[in-house]
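Worksheet: one structure, shown below.
Residue numbers (my numbering): 102 to 514.
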């Protein structure tokens, strides 16, 4: 079985290019006029020359003889009617890409489909043969929901990380990065956490077997931190114990991104506004609300002009830009900040206030050994709790370990 190609259908309707050319030549002789009148003028001229119907002298097309009714034009109509063609005509139409063959088994399959009566779906066979025009289609309800399709998409945490980064950039912050494997010096000592503090215990911290130890920064900085631990300063007392360098060299998986802030404070000059959205590690029991690895949102503002009120203002603006209108603060305690607060946001769906992390002003015992003598606003906030609250996800393991494809596909962001 043969059917017309798209080009064949066009020539059936408009006429072959050479047919239109011959008709035009009865009134027009200039080549330019012919080109303007026929879109496929070069095709028309080539076929007319090949058949000896025209000749071209000095750019002028001259009619030699009229071909009369073109057999090839009639053949296009025959194909459209499903009639048989002579072999030579069929070959010429195929060579000019005006017809194409449709296999008998395709035709058979299309006809079998028609015998089923009313059909609900088009098949490739019905389309290829054109027999879909004869089909009786079932009525359908366009208001009904079709089968769900799940195209590729970013992980929900990736959306929130991207959104949080955008908020910080809008607020004029720069992004900071640090290593996952950190020294105890930057992770704890530089933050004025004593070496016998419970947070350093194996129950809370992942210590590394390799490398066996890490390098400490330049000697002057290490001595300043050591002195602050042992003796304190004129404004405050130290922890009054013998600080050990070997303990500061112990490598850990960082327990907070505040280690990144400590590193940066030793490098920068005020003023500065920096943030980090990155992974941290705690030796936690895995359950619906705790993970041994999770994301933390860190921020610091270093300036002699900032106060505790500015800290509350930054946190309010941060959560407001993320879509939370009700924010409040309650007093908190952290070893390396004073004053300290815990921000809370109101979750409408559950009608309750939820704590989001910790914040405060770094103690002078933290900032002075690092070379900073101005106030430093700081906060460390949980990230996973944001999508859990806003998207109604009740198990934090869904983000990392459960591989809950249904949740990942269907959660609305």
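No residue lacks a Cβ here, since even glycine has one placed at the ideal position from N, Cα and C.
Residue 507 has its alpha-carbon roughly 12 Å from the corresponding atom of residue 249.
Secondary structure of residue 330 (DSSP, three-state): helix.
Secondary structure of residue 447 (DSSP, three-state): strand.
Cβ neighbours of residue 412 within its own chain (closer than 7 Å, five residues either side excluded): 460, 462, 478. Distances from the alpha-carbon of residue 458 to those of 375, 357, 405, 409 put 357 closest. Residue 348 sits in a helix when the DSSP states are folded into three classes. Residue 398 is positioned such that its CB atom lies closer than 7 Å to that of residue 378.
Assignment of residue 104 by DSSP, reduced to helix, strand and coil, places it in the strand class.
Counting along the chain, no alpha helix (DSSP H) covers residue 312, and no H or E run does either. With contacts defined by Cβ atoms closer than 7 Å, residue 325 and residue 470 form a contacting pair.
Residue 142 sits in a helix when the DSSP states are folded into three classes. Residue 284 has its alpha-carbon roughly 6 Å from the corresponding atom of residue 350. Burial state of residue 485 is buried, judged by a 10 Å Cβ sphere holding 16 or more other Cβ atoms. Closest option to residue 239, judged by alpha-carbon separation, among 225, 218, 512: 218. Counting only runs of 3 or more residues that sit fully inside the segment 381-407, the beta strand (DSSP E) segments are 394-403, in chain order. Cα atoms of residue 279 and residue 288: separation of roughly 11 Å, rounded to the nearest angstrom. Along the segment 192-273, the alpha helix (DSSP H) occurs as fully enclosed runs of 4 or more residues at 205-216, 225-230, 257-271, listed in sequence order. Residue 265 counts as buried, since at least 16 other C-beta atoms from the protein chains shown sit within 10 angstroms of its C-beta.
The Cβ neighbour count for residue 475, taken over all protein chains shown within 10 Å, is under 16; the residue is labelled exposed. The count of Cβ pairs closer than 8 Å, one atom from the segment 492-503 and one from the segment 424-441, stays below three, leaving the stretches out of contact. Contact annotation: residue 177 and residue 125 have beta-carbon atoms that are not nearer than 7 Å. Burial check for residue 391: the Cβ neighbour count within 10 Å stays below 16, so the residue is exposed.
Of all alpha-carbon atoms in 203, 157, 244, 383, the one lying nearest the alpha-carbon of residue 227 is that of 203.
Bounds of the alpha helix (DSSP H) holding residue 510 are 506-511. In the structure shown, the three-state DSSP call for residue 190 is helix. For a cut-off of 8 Å, the C-beta gap from residue 309 to residue 282 is around 6 Å, short enough to register as a contact. The Cβ atoms of residue 174 and residue 117 sit closer than 7 Å to each other.
Within the same chain, no residue comes within 6 Å of residue 491 by CB-CB distance, once the 5 residues on both sides are set aside.
Going by C-alpha positions, residue 290 is about 14 Å away from residue 321. Residues 464 of the same chain have their beta carbon placed closer than 6 Å to that of residue 439, with the five preceding and five following residues left out of the count. Residue 480 holds the alpha-carbon nearest to the alpha-carbon of residue 442 among 480, 423, 115. For residue 102, same chain residues with a beta-carbon under 6 Å away, outside a window of 5 residues either side, are 203, 208 in chain order. The beta-carbon separation of residue 366 and residue 246, rounded to 55 Å, does not stay under the 8 Å limit for a contact. Sequence-distant partners of residue 298 (beyond 5 residues in either direction) whose C-beta falls short of 8 Å from its own C-beta, in its chain, are 289, 436.
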